[in-house]
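51 is the number of the first residue of the sequence shown in my numbering; add one for each residue after it. All residues carry an ideal CB built from backbone N, CA and C; glycine is no exception. Note that the structure is a prediction, hence the values are computed from the model and not measured. These notes are about the structure you will find just below.
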Amino acid sequence: MTHINPSQDRKSNSIKIKPIMQHNNTKYNILQWNLNGFYKRISELQIIINKYCPEIICLQETNFTNYKKNTLKGYTNYTKIRANAIRASGGISIFIKDSYSSEEILVNTPLESVTISVQLKQKITICNLYLPNQSPFTEANLKNIIQQLPPPFILLGDFNSHNKLWGCITTNTRGKIIETVIDSENLITLNNGKPTHFGTASGTQSAIDLTFTTPSFAPHLSWDTLSHPYGSDHLPIITKLTYRNTEVIQVGKPKWKLNTADWNLYTSLLEQKIDSIEFENPKINNLNEVTQNFTNAILEIANLTIGQTIFSGKKPPVPWWNSHCNEYIKSKKTAFNKFKRTKSQDDFIEFKKRRAQARRTIKDSKTTSWRAYTSSINSKANPKQIWNKIKAFKCINKYDNIQILKNENDTIYSEPSEIANELGSFFSKASSTESYPLDFQRHKCAQEIVPINLCQNHDNTHINSPLTIQEMETSLSSKKSNACGIDNIPTIFLLNLPKNGKLYLLKIFNHIWLEN
């Protein structure tokens, strides 16, 4: 939090991340996909979400029913179910990350569509549209929708309409209607000519999944398909929304790779390093130097034996993912790319085989990993760690930042510095003396002027006796968190100190305790 209360004049000991002024692009990912059945593709959809972390997900042919609608953890769901369907078919959904303020916009149209407004850097409108082959539409139908969309907007979906303008081999009547509409309504087509649909039976390619926007908004957007269809006959599409700004951004701190640490090597090398450091009872003016030398020794060895990584802010990989999953996913992609080139029936059959193998491998990996984890739970297990693991299995991101904040006056903040200052102001006010009842304020003032009588014979009190190695080890072993302090040293580094390192640390603590 960057907020500083002007009334506080004492120095803060909190960890600070150095702000760096640079040109920083704020990016949002919009996923668009006809997945041909939500339940059939949920595993593949989750893989895409974990990799691309889309803020907005627009799906066509979800095949939801009135009795069973699914949700995605961490997303708000806006869904339209096909009316009067004999079986589960069609349907569209928009999922918005919970950290963004959003609301549905009711659009009067007979077509299958869902429209929402979402507050990102600015408020934008997303309209998700599905036009099945068997359902005709008119120019007036599309214009009616567009004229109800608050700008800036993005109109996207599966239009099932062919036109050479956006990359199809031929142009049909539906494609001509859309071409007329985008000309008359002055819309920009974001498609780059790549095919978005593969006819698995015929091997034909077409570009029928389209994305349109207003001219002023188009420079902020870039459009591309993913490399393979993840089990559907449509390729997922990622539209990137980019805002350029020059505000102060926070650079994330590197994190230690504790899961792959070589603790035996760490202890051995650190023992040799500490033997070379002379400890003389320091004076007050050079105590910091002694402590810094010890800190530097630990960090030097830790960098050699443990290493660091920078947290990207994306969701961590799911715990059930392994090398076999990678292998079969890669094999499926290879088979699909070969089928795209040859369009032969044999290659299509091979692709379907490898796709089935990949699905089975992922399903088996989930089951095996979950069983292994649940069998490790016992009465002594830490509840926090249990829930963290469960959230990891469910792909719930515990590092999601606050993107949008609305205060009590309905003012909306989206800049990180504005959000931090608003939160700081709120908590500063809530924790100030003025927020207490008047009776307690009077009691507090009266008690603060009463002198505190300390024990006169300080040296004879047990609390002032030197710390022992047992007390220090007991205290360290009780700490479960591996969060680093301002020196970037987590507790586990101290727990794995060699014997001479622990004695050195104890001398520093006792000198601080007894002399300072």
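Item	Value
Determine whether the beta carbon atoms of ILE519 and LYS552 lie at a separation below 8 Å.	yes
Go to VAL500, then tell me how far its beta strand (DSSP E) extends in each direction, as first and last residue.	Where VAL500 is concerned, there is no enclosing beta strand (DSSP E), given that its DSSP letter is neither H nor E.
Under the assumption that ALA311 contacts THR355 (Cβ atoms under 8 Å), give the Cβ distance between them as a whole number of angstroms.	7 Å
Put THR296 into one of helix, strand or coil per three-state DSSP.	Below a pLDDT of 50, predicted positions are generally treated as unreliable, and THR296, at 44, falls in that range; no measurement from the model is reported.
What's the gap between the Cα of ILE195 and the Cα of PRO202?	14 Å
What did DSSP end up calling TYR280 once you bin it into helix, strand or coil?	coil
Terminal residues of the continuous alpha helix (DSSP H) containing SER531?	First-last for SER531: undefined, no H or E at that position.
Can you name the start and end residues of the alpha helix (DSSP H) that ASP233 belongs to?	223-234
Looking at C-alpha atoms only, which residue of THR121, GLY124, ASN210, SER151 is the closest neighbour of GLU162?	ASN210
Classify ARG492 as buried or exposed, calling it buried when 16 or more other Cβ atoms lie within 10 Å of its own Cβ.	exposed
Buried or exposed, going by whether 16 or more other CB atoms sit within 10 Å of the CB of ARG132?	buried
Measure how close the beta-carbons of GLU472 and LEU455 come, nearest whole angstrom, since I'm counting them as under 8 Å.	6 Å
Express the C-alpha separation of TRP371 and ILE204 in angstroms, rounding to a whole number.	34 Å
Kindly indicate if chain C contains any beta-carbon less than 8 Å away from that of GLY140.	Chain labels in this structure do not include chain C; a single protein chain is all it has.
What residue range is occupied by the uninterrupted beta strand (DSSP E) comprising ILE146?	142-147
Closest to LYS305 by CA distance: which of GLN358, ILE258, THR292 is it?	GLN358
Give the secondary structure of ILE174 by DSSP, where H, G and I count as helix, E and B as strand, and everything else as coil.	strand
Please state the DSSP three-state secondary structure of PHE262.	strand
Can you give me the Cβ contacts of THR121 inside the same chain, cut-off strictly under 6 Å, excluding the 5 residues immediately before and after it?	ASN127
Note down, in chain order, each residue of its chain lying with its Cβ closer than 7 Å to the Cβ of ILE558, except the 5 sequence neighbours on either side.	VAL340, THR341, PHE344
Distance check for GLY474 and SER494, CA to CA, integer angstroms please.	Per the sequence presented here, residue 494 reads as Lys, with Ser not at that position. When rounded, the distance between both Cα atoms is 24 Å.
Tell me where the alpha helix (DSSP H) around GLU465 begins and ends.	Looking at the DSSP string, GLU465 is not in any alpha helix (DSSP H), and its letter there is neither H nor E.
Grab me the residues of SER62's own chain with a C-beta within less than 6 Å of its C-beta, minus the 5 sequence neighbours each way, in chain order.	Caution applies to SER62, whose pLDDT of 33 falls short of 50 and renders its modelled position unreliable; the model cannot decide the point.
In this structure, does DSSP put ASN550 in helix, strand or coil?	helix
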